[in-house]
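Q: At position 383 of the sequence shown (counting the first as 1) the number is 383 in the numbering used here, and the numbers step up by one without a gap. In this text, a Cβ means the ideal position worked out from N, Cα and C, and glycines have one as well. Submitted below is the structure of interest, expressed as structure tokens.
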Amino acid sequence: MNATCSSFAPWVSDYCEPSESLAVMAARLADALEQDVRDFLVASDQNLGDIEVQIEQQSRELLRVAAEKAAQKKAHLTPPVCPVCRQRLRRVTEDHRRSFDCKFGTITIARSRGYCKRCHKWHFPADTALGLEETAGYSPRVQEMVALLASKMPVGEASAVLEHLTGVRMPRATLDREARRQGQRAQQLRRKLDEQACAAPPRWAQPELVLEPYQMIIELDAWNIRERDQWGETERLRRGGREPERWHWVYTGTCFRLDHRGKTQGGRPVISQRGFVATRAGIDALREQLHAEAMRRGLGQAAGALVIGDGAVWIWRLADDRFPEARQRLDFYHAVEHLTAVGRALFGEDKDKFKEGLRPLARQLKNQSSIKVVQQLEEILAGLPAGTPAAAVQKEVHYFQEHKDRMDYRAGQRRGEPIGSGAIESTCRQTQCRFKRPGQYWSQQGDEALLSLEMFWRNQRWHLLFPHNRHLDLPKN
Ligand SMILES: [Zn+2]
1 MNATCSSFAP WVSDYCEPSE SLAVMAARLA DALEQDVRDF LVASDQNLGD
51 IEVQIEQQSR ELLRVAAEKA AQKKAHLTPP VCPVCRQRLR RVTEDHRRSF
101 DCKFGTITIA RSRGYCKRCH KWHFPADTAL GLEETAGYSP RVQEMVALLA
151 SKMPVGEASA VLEHLTGVRM PRATLDREAR RQGQRAQQLR RKLDEQACAA
201 PPRWAQPELV LEPYQMIIEL DAWNIRERDQ WGETERLRRG GREPERWHWV
251 YTGTCFRLDH RGKTQGGRPV ISQRGFVATR AGIDALREQL HAEAMRRGLG
301 QAAGALVIGD GAVWIWRLAD DRFPEARQRL DFYHAVEHLT AVGRALFGED
351 KDKFKEGLRP LARQLKNQSS IKVVQQLEEI LAGLPAGTPA AAVQKEVHYF
401 QEHKDRMDYR AGQRRGEPIG SGAIESTCRQ TQCRFKRPGQ YWSQQGDEAL
451 LSLEMFWRNQ RWHLLFPHNR HLDLPKN
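Now the structure itself:
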């Protein structure tokens with residue numbers, strides 16, 4: 001085995017015997033740590049941070065050797081069988097070396113290679129057993145760290161943070177490539193999970209016992225992202241009479257059971273379990289992904305469903321198409337914005353009149369009947385002479401007429417349902433913090449991959465993508 005002496009670990013460099021047992025190394029590490037503690041006690045300029053860093057650096061080599069031993073033994077024990085079709089491999093040769101970075105440093109292992117006659121391909125079965133990608137030189141834990149960091153921050157920063165916190169060095173471009181690969185894997189896994197969620201349950205499967213009937217709440221919204229596809233081709237496109245499109249919609253949705261919505265002690269609304277979907281791949285992709293997510297969250301057993309969104313046409317088309325049984329509700333705050341537009345048309349800058357005229361309408365809309373509000377707006381319109389204000393009011397009257405069946409705010413409040421789409425709007429804001437930083441441009445492939453990773457994390461399915469986390473209780477995001 002190829003154990004390198006680390007400059008961070010002088011207890012190894014004194015006497016570096018590659019085949020040394022872990023127990024011996026651990027005993028020497030313990031001695032070295034005791035010495036570190038003694039040194040720390042007399043170092044008046046050091047605080048706990050100094051000893052934390054020292055202990056971490058001292059221990060790293062032992063951890064690296066342990067991981068290397070484990071990987072090598074597992075590689076030895078892996079039978080020469082095709083990882084794809086399970087056929088026994090032919091022309092097997094031993095001792096093919098491969099180095100890769102794990103969380104504790106670089107590891108080198110020797111493994112066997114063989115040819116599968118059925119797949120017509122050479123394989124290293126140990127690589128599959130260890131979870132190593134064919135081309136990337138990183139362990140599963142490092143793959144995971146890269147995926148998580150890149151979905152939370154720009155890759156340049158991610159590279160620096162990774163090295164600072166873990167000692168793993170990965171240049172920005174490599175990190176970008178690796179994160180995208182993980183994102184593509186996330187997309188593939190999501191498709192598989194979505195198919196499973198939407199497939200009809202087998203006949204023997206009993207529906208989950210539902211003690212109390214519940215409503216499924218589905219909220220939709222969109223925000224836009226700037227991409228650099230066709231970068232540098234602006235002139236050429238314009239000569240051809242086309243304007244390059246840089247801004248694109250990211251469609252998002254969230255779903256949760258109404259009985260999973262509650263309040264903190266401070267009175268802040270919280271949702272204990274909810275599903276998230278975000279995609280740059282268009283409305284059709286959102287529709288399928290959101291339906292699958294809602295099914296996973298219990299849509300199949302729900303007593304009813306409610307879709308909430310702003311006035312965007314795509315939202316109601318999607319709802320009619322995929323959730324035809326669901327009730328629809330226009331976000332209350334968007335409705336109020338349209339009342340405000342009426343106020344501006346009628347009263348201009350006169351704030352007192354504005355308040356006096358609009359407050360009763362907004363209150364009525366929330367606590368009484370939307371039909372009455374629409375009637376009053378129609379009456380106001382009928383009394384206006386033709387002109388700009390009348391045209392503006394006319395537009396808003398149309399808006400309210402169109403959505404009048406989606407404004408059952410009084411009934412919604414009585415049932416304890418949300419009247420606004422605040423849950424999805426706050427999700428959008430959080431996601432945009434990552435994707436809309438100054439000077440950032442994305443490509444469709446890149447942003448879809450990272451959005452997919454981010455959704456695995458938010459939906460608390462990270463362990464499905466990185467199964468070594470399945471025993472950990474990952475914090476909620
Ligand atoms: Zn095969």
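1) Given a cut-off of 8 Å, decide if phenylalanine 400 and valine 373 are closer than it, judged by their beta-carbon atoms.
2) Quick one: using the 10 Å Cβ neighbour count with 16 as the cut-off for buried, is proline 385 buried or exposed?
3) For leucine 175 and valine 146, I'd like the C-alpha separation in whole angstroms.
4) Sort out for me which residues DSSP pairs arginine 38 with in a bridge.
5) By the three-class DSSP mapping on this structure, what secondary structure does cysteine 82 have?
6) On the CB-based measure, 16 or more other CB atoms within 10 Å of its CB, does histidine 123 come out buried or exposed?
7) Would DSSP call leucine 377 helix, strand or coil?
8) For proline 154, which three-state DSSP category applies?
9) Buried or exposed: glycine 383, going by 16 or more other Cβ atoms within 10 Å of its Cβ?
10) Can you name the start and end residues of the beta strand (DSSP E) that arginine 106 belongs to?
11) Within 10 angstroms of its Cβ, does arginine 38 collect 16 or more other Cβ (buried), or is it exposed?
12) Rounding to the nearest angstrom, what Cα-Cα distance links isoleucine 419 and tyrosine 333 in this structure?
13) Identify the continuous alpha helix (DSSP H) that holds alanine 278 and give its terminal residues.
14) With burial defined as no fewer than 16 other Cβ atoms inside 10 Å of the residue's Cβ, what is the status of glutamate 522: buried or exposed?
15) For ligand 1, is there any heavy atom lying closer than 7 Å to the beta carbon of valine 84?
16) Measuring only the C-alpha atoms, how far is alanine 70 from glutamate 134?
17) Pair every Cβ in the segment 212 to 227 with every Cβ in the segment 189 to 201, then say whether three or more of these pairs are closer than 8 Å.
18) From the DSSP output, read off the bridge partner residues of asparagine 224.
19) Does any heavy atom of ligand 1 sit closer than 7 Å to the C-beta of arginine 118?
20) For my contact list, arginine 64 and isoleucine 109 are in at a C-beta cut-off of 8 Å; report their separation, rounded to the angstrom.
21) Tell me, please, which residues DSSP counts as bridged to threonine 254.
22) Note the first and the last residue of the continuous beta strand (DSSP E) segment covering arginine 327.
23) Give a yes or no on contact between the segment 109 to 121 and the segment 416 to 434, applying the rule of three or more CB pairs nearer than 8 Å.
24) In chain order, what residues of the same chain lie with their CB nearer than 8 Å to the CB of cysteine 85, ignoring the 5 residues before and after it?
25) Please confirm whether any heavy atom of ligand 1 lies closer than 7 Å to the CB of glutamine 58.
26) So who's on the other strand from alanine 305, going by DSSP bridges?
27) Given this structure, state the Cα-to-Cα distance separating tryptophan 457 from threonine 279, to the nearest angstrom.
28) For glutamate 482, count the other beta carbons within 10 Å of its own beta carbon; 16 or more makes it buried, fewer makes it exposed. Which is it?
29) Could you tell me the distance, in whole angstroms, from the CA atom of glutamate 20 to the CA atom of alanine 66?
30) Per the contact definition of three or more C-beta pairs closer than 8 Å, is the segment 337 to 357 in contact with the segment 238 to 257?
A: According to the data block:
1) yes
2) exposed
3) 7 Å
4) DSSP output for arginine 38 lists no bridge partner at all.
5) coil
6) buried
7) helix
8) coil
9) exposed
10) First, the residue type needs correcting, since residue 106 is threonine and not arginine in the sequence shown. Its beta strand (DSSP E) spans residues 105 to 116.
11) exposed
12) 9 Å
13) Note, alanine 278: premise wrong, no alpha helix (DSSP H); beta strand (DSSP E) at 275 to 279.
14) As displayed, the chain neither begins before 1 nor continues past 477, which places residue 522 out of reach and without an answer.
15) yes
16) 20 Å
17) no
18) Trp249
19) yes
20) No, arginine 64 and isoleucine 109 are not in contact; Cβ-Cβ is about 12 Å, not under 8 Å.
21) Glu219 and Phe276
22) 327 to 330
23) no
24) Cys116, Arg118 and Cys119
25) no
26) Met216
27) 15 Å
28) Nothing can be reported for residue 482, as the shown portion of the chain is limited to 1 through 477.
29) 11 Å
30) no
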